[in-house]
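Q:
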Amino acid sequence: MGLLDPIVCRQARELIQAGKLVEAVRLLTASPDREHRAARRLLLELHDRLVSQAAELLKGGSLEAAWQAIEHAAQCGNLEGQALELRLQIAARLEEARRKQQWNAQRLEEARRLADAGHMRTALGKLTPVEHPEAHLLRLDIEERLCRFERYLQQAGKLIDDNQPQLARPILQKAARILPHDPALLRLLQQCSAAPEPLISSAPAPTGQPTCWAFGSWAWVVLGCEVVLGRAGQSGVHVPLSGGLRRRHALVIRDAGHYRLVPCLDSRSTPCPVRVNDQPVEQPVLLRDRDRLVLGEPGCTLIFRLPVGQSSTAVLQSPPGEPPPVHTADGDRFACVVLLDRQMLVRPCPPAHLVLPQLPCRLLRWQWDGSRLELSAEGGMLICDELDAQALGCRQAAPGRWVLQGELDEAELLGRAAAGLEPNAQLSFHLRAQQ
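Quick note on my numbering: the sequence shown kicks off at 344 and runs consecutively.
1) Indicate the three-state DSSP secondary structure (helix, strand or coil) for E378 in the structure shown.
2) Should the segment 578-587 be regarded as contacting the segment 628-636, the criterion being three or more beta carbon pairs within less than 8 Å?
3) At which residue ranges does the segment 384-441 contain complete alpha helix (DSSP H) runs of 4 or more residues, listed in the order of the chain?
4) Can you tell me whether L592 is helix, strand or coil according to DSSP?
5) Indicate the three-state DSSP secondary structure (helix, strand or coil) for E665 in the structure shown.
6) Within its chain, find whatever has a CB closer than 6 Å to the CB of V806; leave out the 5 residues flanking it on each side and keep chain order.
7) Per DSSP, what kind of secondary structure is Q516 in: helix, strand or coil?
8) If I'm right that G461 touches L522 with Cβ under 8 Å, what's the distance once you round it to whole angstroms?
9) Contact between the segment 737-757 and the segment 595-607: three or more CB pairs below 8 Å?
10) For C607, collect the residues of the same chain with a Cβ closer than 7 Å to its Cβ; drop the 5 residues on either side in sequence, then sort them by chain order.
11) Please report the distance separating the alpha-carbon of R491 from that of S612.
12) Can you list, in chain order, the residues of its chain with a C-beta nearer than 7 Å to that of I485? Leave out the 5 residues immediately preceding and following it.
13) Are the CB atoms of L496 and A527 within a distance shorter than 8 Å?
14) Starting from the Cα of R430, find the closest Cα among R715, E407, P662 and give me that residue.
15) Hey, out of A454, C727, L364, whose CA is closest to L770's CA?
16) If you run the structure through DSSP and keep just helix, strand and coil, what is G559?
17) Please say whether A448 and L470 have beta carbons closer to each other than 8 Å?
18) Could you please give the first and the last residue of the uninterrupted beta strand (DSSP E) stretch that includes H773?
19) Between which two residues does the alpha helix (DSSP H) carrying I359 extend?
20) From F677, P623, I350, pick the residue whose C-alpha is nearest to that of P663; which is it?
21) Does any C-beta atom of chain C lie closer than 8 Å to the C-beta of P627?
22) Would you tell me roughly how many angstroms separate the C-alpha atoms of S374 and R442, rounded to the nearest one?
23) Under DSSP, the beta strand (DSSP E) around V617 begins and ends at which residues?
24) If you follow the alpha helix (DSSP H) that V651 is part of, which residue opens it and which one closes it?
25) Which residue wins for smallest C-alpha separation from C679, given the options V698, L659, L566, P349?
26) Helix, strand or coil for G674? Go by DSSP, reduced to three states.
27) Give me, in chain order, the residues of the same chain whose beta-carbon lies closer than 7 Å to that of L371; leave out the 5 immediate sequence neighbours on both sides.
28) Using a Cβ-Cβ cut-off of 7 Å (strictly less than) and excluding sequence neighbours within five positions of C535, which residues of its own chain qualify?
29) Less than 6 Å between C-beta atoms, sequence neighbours within five positions excluded: which residues of the same chain meet that for V580?
30) Could you say which of G722, G723, Q444, R708 lies nearest to V651 if we only look at CA atoms?
31) Measuring CA to CA, which of R705, A426, E388 is closest to A398?
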């Protein structure tokens with residue numbers, strides 16, 4: 344560079360040496376000294392460099408960058424000969440790429456519509472030739488939904504084979520949301536429709552009646568054959584639990600005196616985390632006395648009990664030493680959940696569904712016939728402030744404050760004292776009902 348050359352030329356030379364060709368072009372073309380001989384030489388040099396750069400970018404497939412380079416070269420001087428031909432090649436390749444992009448977008452939209460309509464496999468066929476990041480994501484989503492669909496069919500088929508169509512139906516309904524017209528699904532639905540409904544020995548909770556009762560501070564009593572275990576503070580949950588649970592985490596279904604634990608599906612239709620005796624469970628499992636259930640992550644642990652022979656009323660207990668896992672909307676906490684089927688036996692000592700050493704009578708029985716819940720006391724009388732002040736041996740359950748008065752004879756009192764039981768004359772408690 345000459346000593347008398349404009350300062351803009353020296354600045355442009357520094358940019359060129361630093362590899363900043365576009366900045367050098369902008370500096371020179373905007374300068375009032377553009378027609379200076381030194382500036383023209385630099386622009387010619389930039390023209391040649393940018394044409395070479397555009398050719399390399401075109402060869403590497405970087406069409407947009409190649410187009411920018413050849414356009415900046417055109418600002419430095421007229422494109423002629425090979426440079427002009429190169430510009431035409433880049434323009435043609437860009438147009439071809441735009442048409443392909445438009446075609447990919449149309450195929451992608453068609454595949455989305457097909458997937459939303461339940462035609463998953465046809466949608467996959469549409470996506471096969473499409474080269475687009477969103478097409479890859481949609482392909483993965485469809486494949487994942489198809490895997491879930493196959494898993495649902497396997498689970499439902501096994502339940503139908505085990506003569507449990509009532510458990511298979513909700514699983515098939517979820518499968519129908521994925522592939523509603525699949526022949527295998529339709530066959531299983533037909534088998535479910537043809538299967539006879541099993542006889543349910545348990546009395547269901549009637550519409551409009553409370554299904555859950557808080558019994559003092561001792562137990563959360565649930566009526567009904569299908570009980571929802573889920574996160575505390577959520578509607579539609581019969582047993583509100585602490586821990587890392589989903590809103591509806593699992594079902595406990597009583598059928599013909601047997602209990603099954605069924606993991607619910609989360610928002611992605613994945614089974615909620617459930618473990619039974621340290622084994623992960625993703626489909627209905629038959630529960631047995633003393634099974635250890637862990638729901639959620641971090642887990643809420645419950646022990647399943649059938650503590651009274653010949654009774655299908657079950658109990659869910661927290662392990663000894665752990666805080667009460669049941670958190671009700673009223674702020675109560677319970678370590679024990681009773682799944683009542685016909686009757687619950689409360690005694691001062693086993694066998695009983697609930698053991699209360701301070702119970703002032705021989706037995707407090709909860710009796711449920713499907714429409715009426717009654718409490719009766721053997722060796723005692725019941726008073727409910729919400730009903731009247733009359734002491735009766737048997738009363739219909741009602742929310743309010745209750746008093747259980749003992750009426751044991753002297754021999755029974757001596758026997759209780761010898762067994763180390765408290766000689767209480769009465770026991771007060773509250774009943775609270777929840778729909």
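Built from N, CA and C at the ideal position, the CB exists for glycine as well.
Predicted, not measured: the structure shown is a model, and the values here were computed from it.
A: Walking through what the data contain:
1) Position 35 of the sequence shown, counted from the first residue, corresponds to residue 378. The three-state secondary structure of E378, taken from DSSP, is coil.
2) By the Cβ test, the segment 578-587 is not in contact with the segment 628-636, since fewer than three Cβ pairs between them sit closer than 8 Å.
3) Runs of the alpha helix (DSSP H) inside the segment 384-441: 406-419.
4) The residue you call residue 592 lines up with position 249 of the sequence shown. The sequence given here places His at residue 592; Leu does not occur at that position. If DSSP states are grouped into helix, strand and coil, H592 belongs with the strands.
5) Along the sequence shown, read from residue 1 onward, the residue named residue 665 stands at position 322. Three-state DSSP puts E665 in coil, outside helix and strand.
6) Outside the displayed range of the chain (344 to 778) lies residue 806, so it cannot be described from this structure.
7) Here residue 516 refers to the residue found at position 173 when the sequence shown is read from its first residue. Three-state DSSP puts Q516 in a helix.
8) In the sequence shown, the residue the question calls residue 461 occupies position 118. In the sequence shown, the residue the question calls residue 522 occupies position 179. About 6 Å separates the beta carbons of G461 and L522, which is inside the 8 Å limit, making them a contact pair.
9) These segments do not touch.
10) One-based indexing of the sequence shown puts residue 607 at position 264. Close CB contacts of C607 within its chain, under the 7 Å cut and outside five residues either way in sequence, are with R589, R591, H592, A593, L594, C615 (chain order).
11) Indexing the sequence shown from 1 puts residue 491 at position 148. Indexing the sequence shown from 1 puts residue 612 at position 269. Straight-line Cα distance between these residues: approximately 8 Å.
12) Position 142 of the sequence shown, counting from 1, holds the residue named residue 485. The beta carbon of I485 lies closer than 7 Å to those of A458, M463, A466, L467 in the same chain, with the five residues before and after it left out.
13) Position 184 of the sequence shown, counted from the start, is the residue given in the question as residue 527. Position 153 of the sequence shown, counted from the start, is the residue given in the question as residue 496. Between A527 and L496, the CB-CB gap stays under 8 Å.
14) Taking the first residue of the sequence shown as 1, we reach residue 430 at position 87. With distances taken between Cα atoms, R430 lies closest to E407.
15) Looking up residue 770 in the sequence shown gives position 427. Taking the Cα of L770 as reference, the smallest distance to any Cα among A454, C727, L364 is reached at C727.
16) Here residue 559 is taken as the residue at index 216 of the sequence shown, counted from 1. If DSSP states are grouped into helix, strand and coil, G559 belongs with coil.
17) As a first step, residue 470 must be located in the sequence shown, where it is residue number 127. As a first step, residue 448 must be located in the sequence shown, where it is residue number 105. Taking 8 Å as the Cβ cut-off, L470 and A448 do not qualify as a contacting pair.
18) Counting from one through the sequence shown, the residue named residue 773 turns up at place 430. Residues 769-777.
19) Residue numbering aside, residue 359 sits at position 16 when the sequence shown is read from its first letter. Segment 350-360, the alpha helix (DSSP H) holding I359.
20) If you number the sequence shown from 1, residue 663 lands on position 320. Relative to P663, the option among F677, P623, I350 whose CA is nearest is F677.
21) Protein chain content of the structure displayed is limited to a single chain, and chain C is not contained in it.
22) Taking the sequence shown and counting its residues from 1, one reaches residue 374 at position 31. Taking the sequence shown and counting its residues from 1, one reaches residue 442 at position 99. Distance between the alpha carbons of S374 and R442: 39 Å.
23) Taking the sequence shown and counting its residues from 1, the one referred to as residue 617 is at position 274. Run containing V617: 617-619, per the beta strand (DSSP E) assignment.
24) For the purposes of this step, residue 651 is taken as the residue at position 308 of the sequence shown. Here V651 belongs to no alpha helix (DSSP H), and DSSP marks it neither H nor E.
25) Along the sequence shown, read from residue 1 onward, the residue named residue 679 stands at position 336. The shortest C-alpha to C-alpha distance from C679 to any of V698, L659, L566, P349 is the one to L659.
26) Start at 1 with the first residue of the sequence shown, and residue 674 comes out as number 331. Secondary structure of G674 (DSSP, three-state): coil.
27) Walking along the sequence shown from the start, residue 371 turns up at place 28. Excluding residues within five positions, the ones whose Cβ falls inside 7 Å are V351, A355, R377, A382, L385, L386.
28) Here residue 535 refers to the residue found at position 192 of the sequence shown. I503, P508, A511, R512, L515.
29) Taking the sequence shown and counting its residues from 1, the one referred to as residue 580 is at position 237. Shown here for V580: same chain residues with a beta carbon closer than 6 Å to its own, the five before and five after excluded, namely V571, G573 in chain order.
30) As a first step, residue 651 must be located in the sequence shown, where it is residue number 308. Taking only the C-alpha atoms, the option nearest V651 is R708.
31) Numbered from 1 along the sequence shown, position 55 holds the residue referred to as residue 398. The shortest C-alpha separation from A398 is found at A426.
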